[in-house]
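For reference, the structure is listed below as structure tokens.
Residue numbers (the UniProt record's numbering): 1 to 99.
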């Protein structure tokens, strides 16, 4: 997968960025380099490889320090939303920014 200059212009428009032509070309090169790395990683056959719970587990045994998933803070939604300009049914209302 690779992008072209039109893709970069569209992404910049959606992100509300003003890119000069030199910046746009640099961004195009960097993003395409990133996609090239991703394609190389996808090409590696990982069938039969067990996922690691932690990167260090590849070289030594790691005891995971997991805690119980329990709420430790009281529900302060109403207090947190007092300063919000717009709230409806417990949700923050924000202006639409994506066309």
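All C-beta atoms, glycine included, are put in the ideal place defined by N, C-alpha and C.
Model, not experiment: these values are computed from the prediction.
Check	Outcome
Three or more C-beta pairs below 8 Å linking the segment 42-51 and the segment 65-75	no
Segment contact, 8 Å Cβ cut-off, at least three pairs: the segment 5-15 with the segment 27-41	yes
Between the CA atoms of residue 83 and residue 90 - distance to the nearest angstrom	13 Å
Residue 88 (DSSP reduced to helix, strand or coil)	strand
Residue 43: first and last residue of the uninterrupted alpha helix (DSSP H) it sits in	21-43
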